[in-house]
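Heads up, the first sequence is in the working numbering, so the first residue is 6 and it goes up one at a time.
We treat Cβ as the ideally placed atom computed from N, Cα and C, and that holds for glycine.
Here's the structure we're looking at; comments come further down.
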Amino acid sequence: MDEKYFPEQVETKWQQRWAEMKAFEVSPDDTREKFYCLEMLPYPSGFLHMGHVRNYSIGDALAWFKRLQGFNVLHPIGWDSFGQPAEQAAIKRGVNPRDWTEENIAHMRGQLQRLGISYDWSREIAAHRSDYYKWDQWFFLKMLERSLAYKKVSQVNWCPKEHTVLSNEQSSGGICWRCSTPVEKRDLEQWFLRITDYAEQLVADIDQIESGWPEKVLKRQRDWVGRSEGAFIDFAIKDSDNKIRVFTTRIDTIFGATAVVLSAEHPMLEDLLKDSALKSDIEAFAAKVKSQRATRGELGDEVKEGLNTGILAINPFSGESVPVWVANYVLVEYGTGAVMSVPAHDERDFEFAQKYSLPIRQVIAPVTHAQAKAEPTSITGTDQSAEMNRAFIDYGVLINSGDWGGKLSEFAIPAMTAFAEKDGFGEGAITYRIRDWGVSRQRFWGAPVPVIYCEKCGMVPVPYEQLPVLLPATAAFTGTGESPLAGVPEFVNTECPNCHGAARRDTDTMDTFVDSSWYFFRYCDPRNEDSAFSSDIVKQWTPVHQYIGGDSHAVMHLIYTRFWTKFMRDIGLVSFDEPVKKLLTQGMVTNRVEGTDEWKAMSKSLGNGVDPDEMIAAFGADATRLFVLFAAPVENELRWLESGIEGAVRFLRRVYTLVWKWQERLSNPEGTVDLSGISTEARALRRKTHQTIAKVTADFEQLHLNTSIAALMELFNQLSEFKADPVESSPADVAVVREALESLVVMLTPFAPHIAEEIWEGLNHSGGLLSGSPKVGPRWPAADPELARSEELEIPVQVNGKLRSRLITSPDVSEDELRSAALADERVQALVDGHEVVKVVVVPKRLVNVVIR
RNA sequence: GCCGGAGUGGCGAAAUUGGUAUACGCACCAGACUCAAAAUCUGGCGAGGUCACACUCAUGUCGGUUCGAGUCCGACCUCCGGCACCA
6 MDEKYFPEQV ETKWQQRWAE MKAFEVSPDD TREKFYCLEM LPYPSGFLHM
56 GHVRNYSIGD ALAWFKRLQG FNVLHPIGWD SFGQPAEQAA IKRGVNPRDW
106 TEENIAHMRG QLQRLGISYD WSREIAAHRS DYYKWDQWFF LKMLERSLAY
156 KKVSQVNWCP KEHTVLSNEQ SSGGICWRCS TPVEKRDLEQ WFLRITDYAE
206 QLVADIDQIE SGWPEKVLKR QRDWVGRSEG AFIDFAIKDS DNKIRVFTTR
256 IDTIFGATAV VLSAEHPMLE DLLKDSALKS DIEAFAAKVK SQRATRGELG
306 DEVKEGLNTG ILAINPFSGE SVPVWVANYV LVEYGTGAVM SVPAHDERDF
356 EFAQKYSLPI RQVIAPVTHA QAKAEPTSIT GTDQSAEMNR AFIDYGVLIN
406 SGDWGGKLSE FAIPAMTAFA EKDGFGEGAI TYRIRDWGVS RQRFWGAPVP
456 VIYCEKCGMV PVPYEQLPVL LPATAAFTGT GESPLAGVPE FVNTECPNCH
506 GAARRDTDTM DTFVDSSWYF FRYCDPRNED SAFSSDIVKQ WTPVHQYIGG
556 DSHAVMHLIY TRFWTKFMRD IGLVSFDEPV KKLLTQGMVT NRVEGTDEWK
606 AMSKSLGNGV DPDEMIAAFG ADATRLFVLF AAPVENELRW LESGIEGAVR
656 FLRRVYTLVW KWQERLSNPE GTVDLSGIST EARALRRKTH QTIAKVTADF
706 EQLHLNTSIA ALMELFNQLS EFKADPVESS PADVAVVREA LESLVVMLTP
756 FAPHIAEEIW EGLNHSGGLL SGSPKVGPRW PAADPELARS EELEIPVQVN
806 GKLRSRLITS PDVSEDELRS AALADERVQA LVDGHEVVKV VVVPKRLVNV
856 VIR
């Protein structure tokens, strides 16, 4: 330890030492309780940004905390290294995607090491290496075996700017998730993964993670799966054997159905219209709707349009004939692609009915809570159809509904569904918004789909023993949207595994979200050559105890990885339903956009980025990390302020200087010291020490890192005010200082590990480095509640709820004593004088409130 | 439009089950050291009021419950985020 604190020196020294001693490498054979601390793996864009720094600083703090508590902590990192930017660089600048990626990884690995994040580097993985993507292909084949992977011609979301297919998740809102270009629809033959088979579980199993995941993430997941309970109802076509099936969640409104509306792309349309005079008109309309859908940007701002087909359908409940319409507002891909139109009780149907003068018939009347309670089975409502100027969409009581009139919606829905089932014209049904996951990409830089096409044998999966299907070294990057692999004959042309005749490989690659769906299982057993991982090893660390990342992955990655885990469970690889017990979504790091008052996420295009390397050079990794964690609660937005980071350096320097002052005196242990007779001040410092240990330990469990750091600062402030001289002090005072200082240093380690190690060593702990603590046992201090207990309490005294005085009392003062002490108080007496004391509220150990009149 | 979340000093923020509002830090002000500055150290710092106390007012607004409300309830305002024809 030098006299002055030079962050760069200290940090370089410890980073080297950690690397030499492989300080953070762990083994599954170490039988201490295991803890899996995981941060979302980065895309190797080339440069770490402040969002990464925040993400990894949070994770590292937790990893250190658990490590110091004696856990066997798995804390790995890797690279989500397949994907578009590498290929864009190839197209634009002619570089090889693999070289580009490897260079970026090398640079970013250096940055992470300069930040001093305590990763087990022996477990580093990268998605673009064949020892990894081999297992992507293996999983794909397993899904294929179980018909969970399948191929179909489909209208896909196509980004015209990036020339690629996007999944539903990636084209949410009709725009490309990466470049915000409006997506188009194209017909292509694509591979899909049957995530819809797991839709129910993806909703139901939320129960298992509810307590550990942020509510907003769960909500988005529920919305994404979009589970909806209702019924299918068949409307028979008049003078025909055909029937149209609709889906509704409001069977109770069926007597108000004044039309049946089909999507313009409904598959039955052609058959229904074959004898119709309107056939060509309707086909023209359907074509128009289709092209509208193909080019639309924003959904929802489209005007509703429709056409009456002239066909009549029969309402199975009322027997009434209603017209069949075709319209642009009915989605073909949801439910049955057809709806019953109930203008009085659905906003969209109302708008449509108004435009085309369809009848609006009220069949649900509002009820008051009191009415509903008093006679839940027969209530009379009033028909106000004529006056309706908007749809009434709430539950209520049925009117104009034949025998069902007088029933409340909540009772009518199950009863009417049962009736439909009994009479064979319908059934209860659950629909989901989630669609199967399209994984084909017409891209080079991804894992090749392990499938071969043979003229004789058709589609043949690549045999497991032939994996991996290696990505060729390079290809022609045209950027046209054709699969680049199709232009590599030595890749495409192959032999049929079945008949050994000439055959061709699938030239698409997989969505990179496949790579990230299971990567954290691979960390447990990263060099396994015979399987994706050993289940025995994986079960020792998983499910992940704490996952940390941005909430931009609230639906895509986190839905896919939950799906993948359930699949792995079904093929016997893991034995649980959910991969992640606790999830933390950290807030964004923002900076002022120059010349404005706006705070926005740091980005190159806005020019408001801050380079982590510059911060490390100027202030040190410890101060940078400390500031990032101190400045705001982890889930809040973090506004970057350079003056704040200077405050962090100041704090670290003060701690360092104080230790330097005491170093010599503390370097020799004072042996057993009798602490019974120590000064009031020394007792207060001990108390603060133990209160701080309790506070920081509890805060860590909630990841309230900002308040932990504040508590450490408070302890430091009290420690530096402690009037004891390093040379003259009694052994007892020295022992108290030692306890405070050593606790402080250990608890500082998760936030500023380099300086903590340096100080720890300076305190003559050469034999027990903090980073070596897994080998020497837990180091985290334990709070003694007896020592943390206050010796005296300051009790506020209120008169009529307003603070008027304070009493200093012993902690075990009785209620009666408190009451009389409060009433005897000079200032209280002055206020009470001339008034009647109505009552005295005494909250033991907290306060007294004297109520006067 | 619908669904969430949040409004506390100049700023980032604290505040067990309702119980001393503003911890900790930043910025700012004053002082010490210095020829001077930086750094460092000491003190101050919600608003009004006072020589100083006292006192009054303050957690988006208005109302309610309570001995007591940042915290609970009702209505409203503002900001942020998500979804957006899902029947």
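Run of the alpha helix (DSSP H) containing residue i, from where it starts to where it stops
i           : result
residue 528 : Counting along the chain, residue 528 falls outside any alpha helix (DSSP H), and DSSP gives it neither H nor E.
residue 57  : 55 to 73
residue 543 : 540 to 546
residue 250 : Taken as a continuous stretch (DSSP letters only), residue 250 belongs to no alpha helix (DSSP H), being part of the beta strand (DSSP E) at 248 to 253.
residue 256 : Element bounds for residue 256: n/a, residue is neither H nor E.
residue 713 : 710 to 726
residue 760 : 758 to 767
residue 19  : 12 to 25
residue 203 : It is not in any alpha helix (DSSP H) - residue 203 carries neither H nor E in the DSSP assignment.
Coarse secondary structure for residue i, derived from DSSP in three states
i           : result
residue 192 : strand
residue 302 : Unreliable positioning characterises residue 302 in this predicted model, as indicated by a pLDDT of 43, which lies under 50. The coordinate reading is nonetheless provided below. Residue 302 falls in the coil class under three-state DSSP.
residue 394 : coil
residue 128 : helix
residue 239 : strand
residue 118 : helix
residue 809 : strand
residue 453 : strand
residue 287 : helix
residue 510 : strand
residue 498 : strand
residue 89  : helix
residue 597 : strand
residue 855 : strand
residue 524 : helix
residue 482 : coil
residue 683 : coil
Where residue i falls, given that 16 or more other Cβ within 10 Å makes a residue buried
i           : result
residue 646 : exposed
residue 571 : buried
residue 304 : The predicted position of residue 304 is uncertain, since its pLDDT is 40 and thus under 50; a value taken from the coordinates is nonetheless stated next. Counting Cβ neighbours within 10 Å, residue 304 comes out exposed, since fewer than 16 surround it.
residue 198 : buried
residue 29  : buried
residue 842 : exposed
residue 806 : exposed
residue 268 : buried
residue 133 : buried
residue 12  : buried
residue 566 : buried
residue 636 : buried
Integer Cβ distance of residue i from residue j, believed to fall under 8 angstroms
i           : j           : result
residue 482 : residue 95  : 5 angstroms
residue 1   : residue 430 : This structure cannot settle anything about residue 1, because the visible part of the chain is limited to 6 through 858.
residue 38  : residue 553 : The Cβ separation is near 20 angstroms, so there is no contact.
residue 745 : residue 690 : 6 angstroms
residue 542 : residue 81  : About 13 angstroms separates the two Cβ atoms, so there is no contact after all.
residue 346 : residue 263 : 6 angstroms
Residue span of the beta strand (DSSP E) that contains residue i, given as start and end
i           : result
residue 799 : 798 to 804
residue 552 : 549 to 555
residue 661 : Note, residue 661: premise wrong, no beta strand (DSSP E); alpha helix (DSSP H) at 647 to 671.
residue 604 : 604 to 606
residue 834 : Segment 831 to 837 is the alpha helix (DSSP H) holding residue 834; no beta strand (DSSP E) there.
Proximity winner among the options, relative to residue i (alpha-carbon distances)
i           : options               : result
residue 91  : 104, 83, 135 and 82   : 104
residue 454 : 6, 438, 341 and 471   : 471
residue 297 : 39, 310 and 286       : 310
residue 93  : 38, 169 and 215       : 169
residue 164 : 180, 710, 405 and 154 : 180
residue 475 : 511, 505, 753 and 732 : 511
residue 556 : 6, 219, 819 and 801   : 219
residue 46  : 87, 25 and 75         : 87
residue 538 : 564, 504, 320 and 128 : 128
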